[in-house]
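Residue numbers (this note's numbering), protein chains in the order written: chain W, 33 to 235; chain C, 33 to 235. The beta-carbon is built from N, C-alpha and C at its ideal position, and this holds for glycine as well. The block underneath contains the structure these notes are about, expressed in structure tokens.
2 protein chains.
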Amino acid sequence: MQLYDGGRAPNPRRVRMFLAEKGIDIPKVPVDLAKMEQAGDAFKALNPLQRVPVLVLDDGTPIAESMAICRYFEALHPEPNLFGRDPKEIALIEMWIRRVELNFYSPVSTVFRHLHPAMAEREVPQIPAWGEANKSKALAFLALLDFELGKRKFVAGDRFTVADIVAAITTDFMRVAKLEVPADMKNIHRWFNEISARPAFAA
Amino acid sequence: MQLYDGGRAPNPRRVRMFLAEKGIDIPKVPVDLAKMEQAGDAFKALNPLQRVPVLVLDDGTPIAESMAICRYFEALHPEPNLFGRDPKEIALIEMWIRRVELNFYSPVSTVFRHLHPAMAEREVPQIPAWGEANKSKALAFLALLDFELGKRKFVAGDRFTVADIVAAITTDFMRVAKLEVPADMKNIHRWFNEISARPAFAA
Chain W
33 MQLYDGGRAP
43 NPRRVRMFLA
53 EKGIDIPKVP
63 VDLAKMEQAG
73 DAFKALNPLQ
83 RVPVLVLDDG
93 TPIAESMAIC
103 RYFEALHPEP
113 NLFGRDPKEI
123 ALIEMWIRRV
133 ELNFYSPVST
143 VFRHLHPAMA
153 EREVPQIPAW
163 GEANKSKALA
173 FLALLDFELG
183 KRKFVAGDRF
193 TVADIVAAIT
203 TDFMRVAKLE
213 VPADMKNIHR
223 WFNEISARPA
233 FAA
Chain C
33 MQLYDGGRAP
43 NPRRVRMFLA
53 EKGIDIPKVP
63 VDLAKMEQAG
73 DAFKALNPLQ
83 RVPVLVLDDG
93 TPIAESMAIC
103 RYFEALHPEP
113 NLFGRDPKEI
123 ALIEMWIRRV
133 ELNFYSPVST
143 VFRHLHPAMA
153 EREVPQIPAW
163 GEANKSKALA
173 FLALLDFELG
183 KRKFVAGDRF
193 TVADIVAAIT
203 TDFMRVAKLE
213 VPADMKNIHR
223 WFNEISARPA
233 FAA
């Protein structure tokens, strides 16, 4: 089994943090995104959509998509549980993963892709008006999450789950998109300080 | 338990088709999207993000996000299995759900939201150039899926799963976005004819 990895990009980081929380160590193959290695024929044979990370199983099957890779390892190594233990918790964690991805990760990523000069050749057409429009979407969701984190300790409930991984790595990715968590969102700051202090966050 | 439902919109349809495939019947509360009922205070108390569907559990907990609701019922009623039986199948199904959502549902939805006159007051700012750019993204993914469906019967493998539900309802949603499956994508047509002939597709 090998994990085709991609440095500091958010999706590979999700998987590395997840594996570190589980205590799983597997061989990694670096994919150099700056050199566009993900667009080369060798990588496209693993993932025609040209995105990292990709897990290649021992039988050669490639598994793309960060959450699919995490679910593979959750099924293989159920403890510590990060995707939920009963129907209600499973549903709440999936709800928060998707809320974070659709309303926070996607807007932050859009701000980066449509406004950052480094993306001009990759995001074609780059539409600055669309990038700008996503700044307020990202901050509106963050305000909702700040409210929720005033009621409980973690994103999806009273314990750390994969929803915290997805949300914390997106929060960290805001810097790259030149966005900031407003100073008055005290619950976000409290929670992010806790999650980013976990050893797995540096994985 | 009650399902706050939303007519022909794609996300409520996913859940209704999933429940019909499982043979589960639960009480439904219609939410009139044309009258913007989802933006009213009563509905916002269930989902501040103002989106259908929402499942309200017997203890009052609201579960939003179509895939979270489906996973709730999969955990409660494991058969017929639609999310995978072993680590590899679980991962492949999640990979295809996400590929379809990110590279097909999201572009088709963007074409609709940014180009359809009916959405001018809801998608603000409506950016026609962004809508146009997403037409080729949707069709590029459909070409990949057509290739894949030449190798196997269903989206994620050799049996019907929730990945087929998400992909088939998106394919049907293309009409609303004024997009068409090209005639030469014979595998997509073969597969869509099969999935749309299942009784649950009309749910």
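Q: Take V86(C) and list the residues in its own chain whose beta-carbon comes closer than 6 Å to its own, dropping the five residues that flank it on each side.
A: Sequence-distant Cβ neighbours of V86(C) in its own chain, meaning closer than 6 Å and more than five residues away, are Y36, L78, N79, P94, A96.
Q.
Using a Cβ distance threshold of 8 Å, determine whether the stretch 37 to 52 of chain C contacts the stretch 61 to 78 of chain C, with at least three qualifying pairs required.
A. In short, these stretches touch, since the Cβ pair count reaches three.
Q) Counting Cβ pairs, one atom from each stretch, are 3 or more of them under 8 Å apart for the stretch 102 to 118 of chain W and the stretch 177 to 187 of chain W? A) Not touching, per the Cβ criterion.
Q. Which residues, in order along the stretch 153 to 173 of chain W, keep a beta-carbon less than 7 Å from a beta-carbon of chain C?
A. Interface annotation for the stretch 153 to 173 of chain W against chain C: P157, I159, A161, W162, A165, criterion Cβ-Cβ distance under 7 Å.
Q. Which value, in whole angstroms, describes the spacing of the CA atoms of A234(W) and D216(W)?
A. The alpha-carbon atoms of A234(W) and D216(W) are separated by roughly 26 Å.
Q. Does the Cβ of E153(W) have 16 or more other Cβ atoms within 10 Å, making it buried, or fewer, making it exposed?
A. The residue is exposed, with fewer than 16 neighbouring Cβ atoms inside 10 Å.
**Q.** Check whether R103(W) and I122(C) have beta carbons under 8 Å apart
**A.** For R103(W) and I122(C), yes; Cβs fall inside 8 Å.
Q.
By the DSSP assignment, the alpha helix (DSSP H) with V194(W) in it spans what residues?
A. First-last of the alpha helix (DSSP H) with V194(W): 194 to 205.
Q: Would you mind stating whether I197(W) and R46(W) have Cβ atoms separated by less than 8 Å?
A: In this structure, I197(W) lies near R46(W), with their beta-carbon atoms less than 8 Å apart.
Q | Counted within 10 angstroms of its Cβ, other Cβ atoms place P139(C) as buried (16 or more) or exposed | A | Label assigned to P139(C): buried.
(Q) Closest to A165(W) by C-alpha separation, out of D178(W), N135(W), M151(W), would be which residue? (A) Here the closest residue by C-alpha is N135(W).
Q: Starting from the C-beta of L211(C), find all residues in its chain whose C-beta is less than 8 Å away, skip the five residues before and the five after it, and write them out in chain order.
A: V140, V143, K167, A170, L171.
(Q) Quick check: what's the CA-CA separation for L51(C) versus A200(C)? (A) CA-CA distance, L51(C) to A200(C), rounds to 15 Å.
**Q.** Buried or exposed by the 16-neighbour rule on C-beta atoms within 10 Å, applied to I220(C)
**A.** In summary, I220(C) is buried, with 16 or more beta-carbon neighbours lying within 10 Å of its beta-carbon over all protein chains present.
Q: Consult DSSP for I56(C) and reduce its assignment to one of helix, strand or coil.
A: It is coil, neither helix nor strand.
Q) According to the Cβ coordinates, are T193(C) and F224(C) closer than 8 Å? A) With contacts defined by Cβ atoms closer than 8 Å, T193(C) and F224(C) do not form a contacting pair.
Q) In this structure, what does DSSP give as the bridge partners for A96(W)? A) Note: A96(W) sits in a beta bridge opposite V86(W).
Q. Between which two residues does the beta strand (DSSP E) carrying L35(C) extend?
A. Note, L35(C): beta strand (DSSP E), 34 to 37.
Q. Grouping DSSP H, G and I as helix and E and B as strand, with all else coil, what is P112(C)?
A. Coil, per DSSP.
Q | C-alpha gap between I159(C) and Q70(W), whole angstroms | A | Spanning the two alpha carbons is a distance of roughly 30 Å.
Q | Inter-residue spacing [alpha-carbon to alpha-carbon] between D178(C) and A107(C) | A | Near 31 Å, if we compare the C-alpha coordinates of A107(C) and D178(C).
Q. When the Cα atoms are used, what is the spatial distance from Q34(W) to D57(W)?
A. Using only the alpha carbons, I get a separation of about 10 Å.
Q: For my contact list, P149(W) and A161(C) are in at a C-beta cut-off of 8 Å; report their separation, rounded to the angstrom.
A: In fact, because the Cβ distance is near 19 Å, the residues do not count as touching under 8 Å.
Q: Taking 8 Å as the cut-off, decide whether the C-beta atoms of P112(C) and K54(C) are in contact.
A: Contact: yes.
Q | Selected residue, minimal CA-CA separation from M206(W), among I125(W), W128(W), R145(W) | A | For M206(W), the nearest C-alpha among the options comes from R145(W).
Q | Interface residues of the stretch 88 to 100 of chain C facing chain W [CB-CB below 7 Å] | A | Residues passing the 7 Å Cβ filter: L89, T93, I95, A96, E97, M99, A100.
Q: Using a cut-off of 7 Å between C-beta atoms, extract the partners of R130(C) located in chain W.
A: Using a Cβ-Cβ cut-off of 7 Å, R130(C) is close to E97, M99, A100 of chain W, given in chain order.
Q: Would you please state the rounded distance, in angstroms, between the beta carbons of A100(W) and E126(C)? I believe it to be under 8 Å.
A: The pair is a contact, with the Cβ atoms about 4 Å apart (cut-off 8 Å).
(Q) Taking DSSP's pairing of strands, which residues face P62(W) in a bridge? (A) Beta-bridge pairing by DSSP links P62(W) to D37(W).
Q: Output yes or no for whether 8 Å exceeds the beta carbon distance between S209(W) and W128(W).
A: Contrary to the premise, residue 209(W) reads as Ala rather than Ser in this sequence. Their beta carbons are not under 8 Å apart, which means A209(W) does not touch W128(W) by this criterion.
Q.
If you follow the alpha helix (DSSP H) that K169(W) is in, where does it begin and where does it stop?
A. Boundaries of the alpha helix (DSSP H) harbouring K169(W): 160 to 180, taken from the DSSP string.
Q | 8 Å Cβ cutoff, E126(W) in contact with chain C | A | Chain C, which has a Cβ nearer than 8 Å to the Cβ of E126(W), makes this yes.
Q) L124(C) to L89(W), Cα distance in whole Å? A) If I take the Cα positions, the gap works out to 11 Å.
Q | Beta-carbon separation (whole angstroms), A174(W) vs G163(W), contact threshold 8 Å | A | As written in the sequence, residue 174(W) is Leu, which differs from the Ala given in the question. Not quite, the Cβ-Cβ distance comes to about 17 Å (not below 8 Å), so this is no contact.
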